[in-house]
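Here's the structure we're looking at; comments come further down.
Protein chains: 2
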Amino acid sequence: MHGRDFRALLFDVFGTVVDWRRSIIHEGEAIGAHLGIDIDWAAFADAWRGLYQPSMEAVRSGRRPWCRLDDLHRESLLTLLDRFGIDQLAPAQVEQFNRAWHRLDPWPDAVPGLTRLRRRYTLATLSNGNIALLVDLAKRAGLPWDAVLGAETAGCYKPQPEAYLRSADQLGLAPAQCVMVAAHNDDLRTAQGLGFGTAFVCRPTEYGPDQQADLGPEGAWDFVADSLLELAAKMGT
Amino acid sequence: MHGRDFRALLFDVFGTVVDWRRSIIHEGEAIGAHLGIDIDWAAFADAWRGLYQPSMEAVRSGRRPWCRLDDLHRESLLTLLDRFGIDQLAPAQVEQFNRAWHRLDPWPDAVPGLTRLRRRYTLATLSNGNIALLVDLAKRAGLPWDAVLGAETAGCYKPQPEAYLRSADQLGLAPAQCVMVAAHNDDLRTAQGLGFGTAFVCRPTEYGPDQQADLGPEGAWDFVADSLLELAAKMGT
Chain A
1 MHGRDFRALL
11 FDVFGTVVDW
21 RRSIIHEGEA
31 IGAHLGIDID
41 WAAFADAWRG
51 LYQPSMEAVR
61 SGRRPWCRLD
71 DLHRESLLTL
81 LDRFGIDQLA
91 PAQVEQFNRA
101 WHRLDPWPDA
111 VPGLTRLRRR
121 YTLATLSNGN
131 IALLVDLAKR
141 AGLPWDAVLG
151 AETAGCYKPQ
161 PEAYLRSADQ
171 LGLAPAQCVM
181 VAAHNDDLRT
191 AQGLGFGTAF
201 VCRPTEYGPD
211 QQADLGPEGA
221 WDFVADSLLE
231 LAAKMGT
Chain B
1001 MHGRDFRALL
1011 FDVFGTVVDW
1021 RRSIIHEGEA
1031 IGAHLGIDID
1041 WAAFADAWRG
1051 LYQPSMEAVR
1061 SGRRPWCRLD
1071 DLHRESLLTL
1081 LDRFGIDQLA
1091 PAQVEQFNRA
1101 WHRLDPWPDA
1111 VPGLTRLRRR
1121 YTLATLSNGN
1131 IALLVDLAKR
1141 AGLPWDAVLG
1151 AETAGCYKPQ
1161 PEAYLRSADQ
1171 LGLAPAQCVM
1181 VAAHNDDLRT
1191 AQGLGFGTAF
1201 VCRPTEYGPD
1211 QQADLGPEGA
1221 WDFVADSLLE
1231 LAAKMGT
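Chains as they are written, first to last, in the numbering used here: chain A, 1 to 237; chain B, 1001 to 1237.
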């Protein structure tokens, strides 16, 4: 099974490569301390992420035209500031908070793992994040991508098949030459159905200490690892 | 003038960062030695590049739908193999020769210059090359791009304005926050007209020893340099 000639690895980013939840909580706590806002920032982070899929679904379904994730994040943020009763943020502070998604910290194994994998494979994002967000993340954290691909370059959001297929095609590769790397079984299920190789990276605290889903592999994935360093070892790099 | 807050540098690639002519000549000579084909490979390289603008013009004008540069290069190659009376190449060898454009050597100052510039600026391609071509070039030569943008991500070929404007927008930046870097005055002229900063990098042998055009700056460009290392110094990195 692993004798396949994989050439490129395509990475989910939020949760798989970066720890969005802890990063958003820290940004919220810093704003709260600065402005005297005392709320449960973990609940706020979870609620923000909770609006992620519904916001993209409006685009996927065609109910609204293409809209990059920065703009969807901002709409969700405004909804949540209202819901949590936060009215102390000036517009520039709202924008600054929204860009917290450009400043997410990587999991500790991400940079060394990607650095090893890159010796042998082409590494690209296949994320629903927009290009500017992904470039800022990578530059700040030192993520060594060969290409920043995904929703914005494909013109549609995962799990729409075109997001996967166009990304492989843009690399000049067939799906069978690419491995989708994700901490989410549903992402891998879609990719596998399209002919991609699959690698599950277990991130059991992505959603906090009480995470219920994606605690282990739920499919016949080509690779399963607890970190990107372990994946690098399993992929012979 | 240089007090502007530039955040990103957008690079023309063919001629500005890589020495396409010498690289194509070398690939041609190697094929010629292998198959016993004795022609003027410099003339062949120049003819191949000579079909570059006409092939894109068919797309720009709308006479044909979007087509990535690899495919335009292949059509031009088939035309030239016929014109030069070369019929010894099997289809796989034609494909291998076409991919010579994925294996172009950088100018000697490119990697050290880009490495210095990247400390301070976001570096992206703004090339008519397709994504796979640019990723292969970068991976082979060690070009440290933060993002691979250009014709394929914008959906149109330079000098169409959208190629420039969409690339800046995909980085989340205004044109005035970006510097177009090119060895070609016409590329900079278009970019400047759209509000971009401009940097001319002089490559007086891009077209060989008898080069006639682009031997020096022909506009009021923000930066003029003889190499990317000199540009790095002039841009304070």
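Ideal Cβ positions, reconstructed from N, Cα and C, are used throughout, including at glycine.
Residue i versus residue j: straight-line alpha-carbon distance, rounded
i	j	result
L1194 of chain B	S61 of chain A	35 Å
Q93 of chain A	Y1157 of chain B	38 Å
T125 of chain A	E1162 of chain B	24 Å
I37 of chain A	A90 of chain A	14 Å
L1077 of chain B	W1048 of chain B	7 Å
L1149 of chain B	M235 of chain A	29 Å
V181 of chain A	G50 of chain A	22 Å
L1133 of chain B	A174 of chain A	15 Å
E1218 of chain B	L1123 of chain B	24 Å
V1179 of chain B	D1214 of chain B	18 Å
E1230 of chain B	T16 of chain A	40 Å
R1140 of chain B	A1147 of chain B	16 Å
I131 of chain A	D1040 of chain B	43 Å
S23 of chain A	F97 of chain A	11 Å
T1205 of chain B	S1127 of chain B	20 Å
L1104 of chain B	D1019 of chain B	7 Å
A100 of chain A	T198 of chain A	29 Å
G155 of chain A	W66 of chain A	7 Å
T115 of chain A	G129 of chain A	21 Å
Y164 of chain A	L35 of chain A	42 Å
P112 of chain A	Q211 of chain A	26 Å
A1232 of chain B	T1153 of chain B	27 Å
L1080 of chain B	P159 of chain A	43 Å
R1074 of chain B	G172 of chain A	14 Å
D109 of chain A	S227 of chain A	6 Å
I31 of chain A	F223 of chain A	40 Å
H1102 of chain B	L1072 of chain B	14 Å
I25 of chain A	A1168 of chain B	31 Å
N185 of chain A	Q192 of chain A	10 Å
A1042 of chain B	F1006 of chain B	39 Å
A1151 of chain B	Q1053 of chain B	13 Å
F196 of chain A	Y121 of chain A	15 Å
G208 of chain A	P144 of chain A	27 Å
L1117 of chain B	T1237 of chain B	6 Å
A1138 of chain B	G85 of chain A	49 Å
Residue i burial status per 10 Å Cβ neighbour count (16 or more: buried)
i	result
G142 of chain A	exposed
W1221 of chain B	buried
E95 of chain A	exposed
R1064 of chain B	exposed
E1057 of chain B	exposed
M1 of chain A	The predicted model places M1 of chain A with a pLDDT of 46, which falls under 50 and marks its position as unreliable, so this point remains unresolved.
R1004 of chain B	exposed
A225 of chain A	buried
V1013 of chain B	buried
Q170 of chain A	buried
R119 of chain A	exposed
D136 of chain A	buried
P106 of chain A	buried
R83 of chain A	exposed
D87 of chain A	exposed
G216 of chain A	exposed
A1183 of chain B	buried
A8 of chain A	buried
Residue(s) in a DSSP beta bridge with residue i
i	result
V18 of chain A	A:F14 and A:P106
T1125 of chain B	B:F1011 and B:V1148
C1178 of chain B	B:A1008
heavy atom of the ligand HEM below 6 Å from residue i C-beta
i	result
L1126 of chain B	Summarising the ligand content, the structure contains no ligands, and the ligand HEM is consequently not present.
What are the complete beta strand (DSSP E) segments, minimum 3 residues, inside the stretch 198-231 of chain A?
-> 223-225
Which runs of the beta strand (DSSP E) spanning at least 3 residues fall entirely within the stretch 1062-1090 of chain B, listed in chain order?
-> none
Taking Cβ-Cβ distances below 8 Å as the criterion, which residues of the stretch 1002-1026 of chain B are in contact with chain A?
-> none
What residues from the stretch 1171-1186 of chain B come within 7 Å of chain A, judged by C-beta to C-beta, listed N to C?
-> L1171 and G1172
What residues from the stretch 1102-1127 of chain B come within 7 Å of chain A, judged by C-beta to C-beta, listed N to C?
-> T1122
Would you list, in chain order, the members of the stretch 1146-1158 of chain B that have their beta-carbon closer than 7 Å to a beta-carbon of chain A?
-> D1146, A1147, V1148, E1152 and T1153
Against chain B: residues of the stretch 86-102 of chain A by CB proximity under 8 Å = none
Completely contained alpha helix (DSSP H) runs for the stretch 1028-1054 of chain B, where each covers 4 or more residues | 1041-1050
What are the residues of the stretch 37-60 of chain A that lie near chain B, defined by any Cβ-Cβ distance shorter than 8 Å?
-> none
Taking a cut of 8 Å between CB atoms, which residues from the stretch 218-237 of chain A lie near chain B?
-> none
Taking only beta carbons into account, state which residues of the stretch 130-141 of chain A come closer than 9 Å to chain B, listed in chain order.
-> N130, I131, A132, L133, L134, V135, D136, A138 and K139
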